[in-house]
Every structure is written in structure tokens, then in C-alpha cells.
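Accompanying notes for the structure given below.
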Amino acid sequence: MSSPAPPDAAPPNPDLLIEADSHSETDSALGDDAESYTTSLRSSIFNYTFENGRRYHAYGEKYFLPNDEAEMDRLDLFHHILTLRCGGELHMAPIPENPQRILDIGTGTGIWAIEMADEYPSAEVLGTDLSPIQPSLLPPNCRFEIDDCEQDWLYSTKFDYIHARYLAGTIKDWPRLVSQAYRHLRPGGWLELQDFTMKFYTHGGEFKPGCALDRWCDGVIEGVKAWGREPEPGPKLEDWVKDAGFVNVVHKLLPIPVGTWPKDRKMKEIGALDLVQFKEGLESAAMRVFTAQGWQPEEVQVFLADVRKDLSNPKLQAQHNFHVVYAQKPLSAE
262 MSSPAPPDAA PPNPDLLIEA DSHSETDSAL GDDAESYTTS LRSSIFNYTF ENGRRYHAYG
322 EKYFLPNDEA EMDRLDLFHH ILTLRCGGEL HMAPIPENPQ RILDIGTGTG IWAIEMADEY
382 PSAEVLGTDL SPIQPSLLPP NCRFEIDDCE QDWLYSTKFD YIHARYLAGT IKDWPRLVSQ
442 AYRHLRPGGW LELQDFTMKF YTHGGEFKPG CALDRWCDGV IEGVKAWGRE PEPGPKLEDW
502 VKDAGFVNVV HKLLPIPVGT WPKDRKMKEI GALDLVQFKE GLESAAMRVF TAQGWQPEEV
562 QVFLADVRKD LSNPKLQAQH NFHVVYAQKP LSAE
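Just so we're on the same page, the numbering used here is the position in the sequence shown counted from 1, plus 261.
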């Protein structure tokens, strides 16, 4: 018997069902206060900490994932997966052909910002993050700043488009973040948020509540909540942008398979890649939050072996939901 789906799990129409394969087993826009603010951040950004063989940035209470080379590779793979799931597009919001200013919140490795800079040479693309892990070889219209998006934003020039993706587990006050984005958009500008529901489900497979993969999800969700962060922002994005005053709100629900079980060739490719990144990211997501809950590192590793077995079982037909919400600041707004 298949697992009951979480509240947001059922796709809104049959076209979104994934069919299983029967044969498959210094910024010019910154105000004067910003330079001193970012300087104070820079003084501590390289104070990395190391836990259980993984490197973490100095703001450990704000971000539970590591920022080492292995995690950077996984994030770049995840970018490729999400771009494929979005039909090969870097964004879904109908931004103008020649935007002037683009902001990427929580840019990570910077790969999305770099590709946007290449796609929109008219735009100045700014990526911000707590970790200085972005490359130094960049398009001339792309730059990165070390910044904490949960602090007051100090940009003196507004943006045409603001983008944030995969911030699950990192933000304490989402409504405040969305409100700051609203204030720093030009009238008519667009905000696009892309994030997840962490819990897995199935529409026809053998995935069941209580299996190792399900318990891994529960453990990460519980641990992130204990840190005061939101582990599953995806289903809530639409309400947050509406409450902030945005209009023309569009919410797209995109199920993502894990494994090669889908019949559709493109979904099979996405599922195969997602299986790789999940296996690589299991420890990244679990180790810090599980040990904070009293687990020993050796216990975590033994448990993760069972989770990997679940992920590799095509009969589970596990999938999770990716949410894309984009919305426009009213033309009449200031």
C-alpha cells in the first residue's frame, strides 16, 4: 500500500503525475552604511569550523549544511537538476528582455547568478551569501557580496528581479525576508522564490511512512525546527508573497522523482541525477542536526546506509515537491 501524500503532495492536475516505467526496477547600489557592514562580515567569514570531517562557515547557527568542496559540487549538480525540471529555464517569472539589476539571495556557489549574467548582459547581477565560496573568474556584469539576508538590506538602488532558491532550513523569518524583497524591487519588478517540501511520498509505489528515508526526513525537519528555522518553506511561499502585497502571483508545483523509475525519458534523467545528489547530500543534511539531537556520528552513518538502500529501491517510487512562486510588485507601489 502506498504512502498517503502530504498536504501539498497531490499535483493539481493529472499532467503533473509522474508515470512509473514498468520496465524499470562594493556595490554602486549600496548605501554608505553597507561598506562598514560588509567589512565587519568579512572579518569573520573565513573562521571556518570543522565537525566530523566536514567544513562549516562561521555562521553555524544560521546554516546547518557544510560549505566544503564536496557540498559545492553537490549544489552545482542540484542547480542542473532544478534547471532541467524548470524546462531548461533559469527563471519562470516574465522579467523584461533587458533587466538592469538582478539580485540572487543565498547564491551559494554562484552558478545561477553567473548563468543569468551571461543570459542578460544588460543586467548587473549581484549574488549574496554568507559563505565566500564563489569563483573569481566572472562575467563583467556579475559580482558577489558576503551578506546576511536576514539583516536589514542596505541597497540604495532597487532591483528589477529578485531570486531566491533552496533556502529551506536557513531562514528564521520568511515574511520579513519577503517584505524586504518587496521594498527593494522597482514598481513592476518580479520576485521569484523556489523551494521544497522535504517529505517524500508516492502515487503508486511502495514508499511507506516509517521507512528509513521517511525517518531521515523527520529527523532533519525536527532538527532544523529546533534551530528556529523553517525546514519546508515551499508550500507557504504563495501566502507569504500575497501577504507582502505582491500581485499577479503564480504558484507552480513540480514533483521531482528520486531514481530511474519514471517512464518519461526526461523525468528519468532528472530522477537519476536527483538520486546521485541525494545520496551525496544525505550526510550533509543529517550529520549536524542529528548529532545536535544526541546521535553519535557512527550511529548516523549506520542509519544513512539504510536510507541509501531506500533511495536505491525503484519500487518505492519516491518523489518530493519543488515549488516555484513568482509575483510582481504593483506598478502603483513606491
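By construction, the Cβ of each residue, glycine as well, lies at the ideal position given by its N, Cα and C atoms.
Computed from a predicted structure; not experimentally measured.
The beta strand (DSSP E) runs lying completely inside the segment 497–577 and spanning 3 residues or more are 508–518, given in chain order. Take A594, set aside five residues on each side of it, and the residues of its chain with a beta-carbon closer than 6 Å to its own are P448, in chain order.
Counted as a single uninterrupted DSSP element, the stretch harbouring Y422 is not any alpha helix (DSSP H) but the beta strand (DSSP E) occupying residues 420–426. In chain order, Q589, P591 place their CB closer than 6 Å to the CB of V508, counting only its own chain and leaving out the 5 sequence neighbours on each side.
Residues H352, A354, H424, Y587 of the same chain have their beta carbon placed closer than 6 Å to that of E453, with the five preceding and five following residues left out of the count. DSSP lists V386, Y422 as the beta-bridge partner residues of I363. The beta-bridge partner set that DSSP reports for Q455 consists of R426, V585.
Inclusion of Q538 and G466 in the CB contact set at 7 Å is not warranted, their separation being larger than that value. Under the DSSP assignment, I375 falls in the alpha helix (DSSP H) whose first and last residues are 372–380.
For the pair of segments examined, the segment 469–479 was found not to touch the segment 423–442: the number of CB pairs separated by less than 8 Å stays below three. Secondary structure at I432: coil, using DSSP grouped into helix, strand and coil. Residues F325, V485, R490, P492 of the same chain have their beta carbon placed closer than 7 Å to that of G430, with the five preceding and five following residues left out of the count. Take P523, set aside five residues on each side of it, and the residues of its chain with a beta-carbon closer than 7 Å to its own are I279, E280, A281, D282, K529, G532, in chain order.
Less than 7 Å separates the beta-carbon of G520 from that of P575. Residue nearest to T463 within the set E541, Q580, R362, L345 is Q580 (criterion: CA-CA distance).
Comparing C-alpha distances from Q455 to each of S545, L428, S383, L536 shows the shortest one belongs to L428. Rounded to the nearest angstrom, the Cβ distance from A374 to C347 is 16 Å, too far for a contact under 8 Å. Secondary structure of E280 (DSSP, three-state): coil. In this chain, the alpha helix (DSSP H) harbouring F339 covers 330–346. Across the structure, R426 and I366 are spaced so that their CA atoms are roughly 8 Å apart.
Residues of the same chain with a CB within less than 6 Å of the CB of A546, apart from the 5 flanking positions on each side, are V481 in chain order. For L438, the three-state secondary structure derived from DSSP is helix.
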